[in-house]
């Protein structure tokens with residue numbers, strides 16, 4: 003069956019000066035199905051002339067698996083205030099023949115701006131572990147659990163507000179696919195926070211066993227051992243409906259299933275009653291402003307159906323494609339078969355780690371402490387990247403920390419439109435602002451033309 007995936011699903015152009023344009027944002031269409039896919043329409047709906055769609059393909063356009071078709075979008079402000087509209091993508095995907103991409107932009111008369119931030123300890127971080135539970139993984143799970151103290155030590159120093167969730171690469175057994183803690187209501191909490199984040203609790207979460215989990219016996223052996231798809235499992239775990247919070251109050255799962263406004267078919271309802279509202283099993287784990295770290299532990303190659311480039315695109319778009327410090331994919335996988343024959347090379351996982359500046363560890367190592375410490379160094383600590391609310395003219399950017407003018411210790415990154423402190427000198431506020439210190443960034447807004 004043909005299946006279309008559109009990344010990103012929403013484009014926010016930000017705040018733009020009247021008479022100027024935003025930078026362009028690329029939208030890509032993927033064929034993630036098994037049959038040929040044809041796109042027959044890319045049509046603005048409810049859009050003013052301020053929204054531009056450029057470099058669209060000649061339609062109809064056939065899309066091959068693994069070869070996306072992309073086009074550009076832009077917002078050129080003509081009026082003060084927020085504008086929204088959508089692009090309607092029409093294709094031969096019978097399950098979703100019309101897919102909508104939301105566009106949003108805001109016009110302003112401002113030509114300069116000042117952003118102020120207060121450095122805080124306790125930066126939010128969401129960490130998703132993908133732990134292989136196949137027949138050869140018991141020792142590796144033990145090593146992962148033993149490395150917890152090395153991983154978490156910086157979180158304790160900086161009082162990070164973390165969520166730690168665990169899934170398996172199982173995409174065969176419906177009850178567990180992408181679900182934290184096997185989707186088991188008897189294994190609570192669904193994810194760890196600093197209040198429960200002990201070494202013992204982490205071990206309970208990550209020592210999944212090595213028989214493919216509790217749901218594999220009914221699948222004729224076709225469970226994790228036969229289709230270890232960590233990239234696909236991560237995508238499912240971090241997508242609707244698993245991440246959806248409907249906001250509908252409830253007292254039991256039955257309240258969600260019987261509510262036809264969110265579950266037209268009670269037998270196919272994807273929602274549970276969690277923390278007083280109906281939502282997907284993973285709701286609450288992924289937070290909008292939190293850094294996202296993903297760690298895979300597997301001794302076999304990823305068998306997800308699409309090319310790594312698709313999953314890289316998906317993962318980067320969760321936090322914004324250019325916000326490189328907000329998402330990393332770390333791999334503890336097989337690397338060199340000549341030095342360790344016990345694990346297949348995890349080349350697909352390593353490709354994703356390379357593209358997201360993640361840590362790459364060898365699953366054949368006898369001690370995962372150093373690997374976990376390296377991942378922890380990336381994951382936890384004080385915030386060093388601050389995203390500006392308007393597109394800045396690079397030559398005009400000025401930074402102060404607690405009133406002190408900073409001429410060194412930071413850089414402006416145009417791709418992510420952010421200030422990044424180098425963190426080389428923790429005693430210098432211009433290199434690493436301390437908790438409670440105020441960062442003030444003033445700049446002229448960049449005026450791009452169509």
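Numbering (the numbering used here), first residue to last: 3 to 452.
Glycine included, every Cβ here is placed at the ideal spot set by N, Cα and C.
- Sequence-distant partners of residue 179 (beyond 5 residues in either direction) whose C-beta falls short of 8 Å from its own C-beta, in its chain, are 172, 173, 235 and 238.
- At a cut-off of 3 residues, the continuous stretches assigned as beta strand (DSSP E) that sit fully inside the region 344–409 are 362–364, 387–389, 400–403 and 406–408.
- If the five residues before and after residue 335 are omitted, its C-beta is found closer than 6 Å to the C-beta atoms of 300, 348, 351 and 365, all from its own chain and listed in chain order.
- The distance from the Cβ of residue 86 to that of residue 106 is about 5 Å, consistent with a contact at the 8 Å cut-off.
- Secondary structure note for residue 237: it is in no beta strand (DSSP E), and the uninterrupted alpha helix (DSSP H) holding it is 232–239.
- Taking the Cα positions, residue 375 is about 27 Å away from residue 137.
- Non-local C-beta neighbours of residue 319 in its own chain, meaning closer than 7 Å and more than five positions away in sequence, comprise 9 and 10, ordered along the chain.
- Within the same chain, and ignoring the five residues on either side of residue 367 in sequence, the residues whose Cβ sits closer than 7 Å to its Cβ are 373.
- In this structure, residue 310 places its C-beta atom within 9 Å of the C-beta atom of residue 357.
- Judged by beta-carbon spacing, residue 13 lies beyond the 9 Å limit of residue 110, meaning their Cβ atoms are not closer than that value.
- DSSP places residue 64 inside the beta strand (DSSP E), whose first and last residues are 63–65.
- Residue range 201–208 is occupied by the alpha helix (DSSP H) that includes residue 208, with no beta strand (DSSP E) assigned at that position.
- Annotation for residue 415: the continuous beta strand (DSSP E) segment containing it runs 412–415.
- For residue 428 and residue 384, the gap between their C-alpha atoms comes out near 10 Å.
- Distance from the CA of residue 44 to the CA of residue 66, rounded to the nearest whole angstrom, comes to 18 Å.
- If you look at residue 293, you'll find it in the beta strand (DSSP E) that goes 293–300.
- Annotation: the continuous beta strand (DSSP E) that includes residue 32 extends over 27–33.
- The C-beta of residue 232 has 16 or more other C-beta atoms within 10 Å across all chains shown, which makes the residue buried.
- With respect to the C-alpha of residue 361, the residue from 96, 263, 388 and 331 having the closest C-alpha is 331.
- Comparing alpha carbon positions, the residue from 398, 403 and 279 closest to residue 414 is 398.
- Taken in chain order, the complete alpha helix (DSSP H) segments of 4 or more residues contained in the region 138–167 are 140–148 and 150–160.
- Between residue 294 and residue 127, the CB-CB gap stays under 9 Å.
- Contact between residue 285 and residue 245 holds, since their C-beta atoms are separated by about 6 Å, short of 8 Å.
- Looking at 265, 142 and 197, the one whose alpha-carbon comes closest to that of residue 212 is 142.
- In this structure, residue 363 lies near residue 333, with their beta-carbon atoms less than 9 Å apart.
- Rounded to whole angstroms, the Cβ separation of residue 250 and residue 108 is 30 Å, and the two are not in contact under 8 Å.
- For the 9 Å CB-CB criterion, residue 422 and residue 269 do not form a contact.
- As a beta-bridge residue in DSSP terms, residue 274 pairs with 281.
- Counting along the chain, residue 323 sits inside no alpha helix (DSSP H), nor does DSSP assign it H or E at all.
- From the listed residues 185, 184 and 166, the smallest Cα separation to residue 198 is found for 166.
- In the structure shown, residue 87 adopts extended strand secondary structure according to DSSP, grouped into three states.
- Collapsing the DSSP output to three states places residue 318 in a helix.
- The straight-line gap separating the alpha-carbon atoms of residue 27 and residue 54 is approximately 10 Å.
- With a threshold of 16 other beta carbon atoms within 10 Å, residue 162 meets it and is buried.
- With 16 or more other CB atoms across the displayed protein chains lying within 10 angstroms of its CB, residue 337 is buried.
- Contact between residue 149 and residue 371 holds: their C-beta atoms lie close to 5 Å from each other, under 8 Å.
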